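Participant: Under the numbering used here, the letters of the sequence shown match residues 1 to 357, in that order.
Note that the Cβ used here is the ideal one computed from N, Cα and C, for glycine as well.
Predicted model only: the values in this text are computed from it and were never measured.
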Amino acid sequence: MKYKKKLKKASSIKKTGMAPGMLLFTGERKMETPNIELITYNKESISEYKFDTIEEALSKMSATQEMKWLNIEGLHEVEIVKQIVDHFKMHKLSGEDILSIGQRPKFDDYDHYEHVVAKMFQIEDNSINDEQITILFSDNYLITFQEKEGDVFNNVRTRLFEGKGNIRGRQSDYLAYALLDSIVDHYFIAVEHFANVIEEFEIEVLAHPSEKLLPRLNDLRQEAAYMRRSVFPLREAVNQFEKSEAPYIHKETKLFIRDLYDHTLQVIESITVLKESVNGLLDLYMSSLSNKMNNVMKVLTIVSTIFIPLTFIAGIYGMNFINMPELEYKYGYLFTMIGMAVLTLLMIIYFKRKKWL
């Protein structure tokens, strides 16, 4: 399993010096044209529509009294956001937050609607990708904004179209809960994937510690920190969702939101453990690298220790003094070489018994 870091860096320089509420897209264009999808439903029926223009979608929403879920994929066309904000008489800061990629998860309670921002994690190409999701909902409608095509809401759509559970019989507050619950459920999948990456990296650090692993280790640390920053604020957002006194957030739904809050805490705890594990990998990496270096130094030291007496003997008999009787022996060279070999063997045996080799 290979790990690829894909952190999204939203540009805030574009908005420098601009007035609050100015509609300006700060992200990267991910699609050629936005997708505009609308689902309308009640207990008995459900319908799905796709539109080429936002005017058609808004006209359809105005013409029906059923529960409405409008999903916008692709945020680069600012005019779409502007028309939605104007049509539903939303605050201009909501429009600004929708187009400002890199928002912290939050829950804003406006007069006649709620504004929720969350981070969505998906596993793509064996890596964790994140995407900002904005949810706006009021009494009988809910609008979601995504950066690109594809999300984690297929299970919610399946429940809607198959009529499973009570989702078709409830209002926008329960649909908002269901979407957030699906996002949090996929956090667990991302955490599990990241844990597997850490486990494989740990095996590699123990087996083959090298300097090439350090950049990947830094990437892991940054990704763990980014995941924590992306999820940790959601705890307060879900808490505000539960405590909201908006008339369209019903008491029955708040029981489910409370359960969602518990799941969010579990994810945060898991990510905190992962972050500590990554920090522990740095210590493990330094320890493994140090052990590898110690083994190299031990071998070099032993080799040097063996050759010191041999060098001493060779140095003595390399002197050119006349009165050295050993130089006249017929088998002096042979005895010297045999003595050096025996000395080397004895030193090796000694090192073996000391378990230095």
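#1: Exposed or buried, what is residue 115 when buried is set at 16 or more other beta-carbons lying within 10 Å of its beta-carbon?
#2: With a cut-off of 8 Å on the beta carbons, I'd call residue 50 and residue 36 a contact; round off their distance for me.
#3: To the nearest whole angstrom, what separates the beta carbons of residue 79 and residue 34, a pair I think is in contact under 8 Å?
#4: Leaving out five residues before and five after residue 6 in sequence, what residues of the same chain have Cβ atoms less than 6 Å from its Cβ?
#5: So, are the CB atoms of residue 168 and residue 46 less than 8 Å apart?
#6: Do the CB positions of residue 120 and residue 86 come within less than 8 Å of each other?
#7: Shortest alpha-carbon distance to residue 178 belongs to which of 199, 263, 355, 193?
#8: Report yes if the CB atom of residue 146 is closer than 8 Å to the CB atom of residue 135, and no otherwise.
#9: So is residue 102 buried or exposed if we call it buried at 16+ other beta carbons inside 10 Å?
#10: How many whole angstroms separate the CB atoms of residue 182 and residue 153, which I take to be in contact at a CB cut-off of 8 Å?
#11: For residue 61, collect the residues of the same chain with a Cβ closer than 6 Å to its Cβ; drop the 5 residues on either side in sequence, then sort them by chain order.
#12: I want to see whether chain B comes within less than 8 Å of residue 90, judged by CB atoms only; does it?
#13: In whole angstroms, give me the CA-to-CA distance for residue 93 and residue 155.
#14: Determine, using beta carbons only, whether residue 110 and residue 88 come nearer to each other than 8 Å.
#15: What distance in whole Å lies between the Cβ atoms of residue 70 and residue 57, which are believed to be in contact at a cut-off of 8 Å?
#16: Taking the beta carbon of residue 174 as the centre, do at least 16 other beta carbons fall within 10 Å, making it buried, or is it exposed?
#17: Can you check which of these residues, 320, 232, 299, 319, is closest to residue 105 by C-alpha distance?
#18: Quick check on the burial criterion: 16 or more other C-beta atoms within 10 angstroms. Buried or exposed for residue 356?
#19: Beta-carbon within less than 6 Å of residue 289's beta-carbon, same chain only, minus the 5 sequence neighbours each way: which residues are those?
Facilitator: The relevant details are as follows:
#1: Buried, by the Cβ-count rule.
#2: Going by Cβ atoms, the distance from residue 50 to residue 36 rounds to 7 Å, so yes, they are a contact pair.
#3: The C-beta distance from residue 79 to residue 34 rounds to 10 Å, too long to meet the 8 Å contact threshold.
#4: Since pLDDT at residue 6 reaches only 47, below the 50 mark, its modelled position is unreliable, and the value read off the structure follows with that caveat. Same-chain partners within the cutoff: 127, 129.
#5: Yes. Within cutoff.
#6: 8 Å or more divides the Cβ of residue 120 from the Cβ of residue 86.
#7: Measuring from the Cα of residue 178, the nearest candidate turns out to be 263.
#8: No; because the gap between Cβ atoms is not below 8 Å, this pair is not in contact.
#9: Residue 102 comes out exposed.
#10: Correct: roughly 6 Å between the Cβ atoms.
#11: The answer, listed in chain order, is 68.
#12: Absence of chain B from the displayed structure is noted, only one protein chain being present.
#13: The C-alpha of residue 155 is placed about 31 Å away from the C-alpha of residue 93.
#14: Not in contact: residue 110 and residue 88 (Cβ atoms no closer than 8 Å).
#15: About 6 Å separates the two Cβ atoms, so the contact holds.
#16: Buried: at least 16 other Cβ atoms inside 10 Å.
#17: It is 232.
#18: Under the 10 Å beta carbon count, residue 356 is surrounded by fewer than 16 other beta carbons and is classified as exposed.
#19: These residues qualify, in order along the chain: 209.
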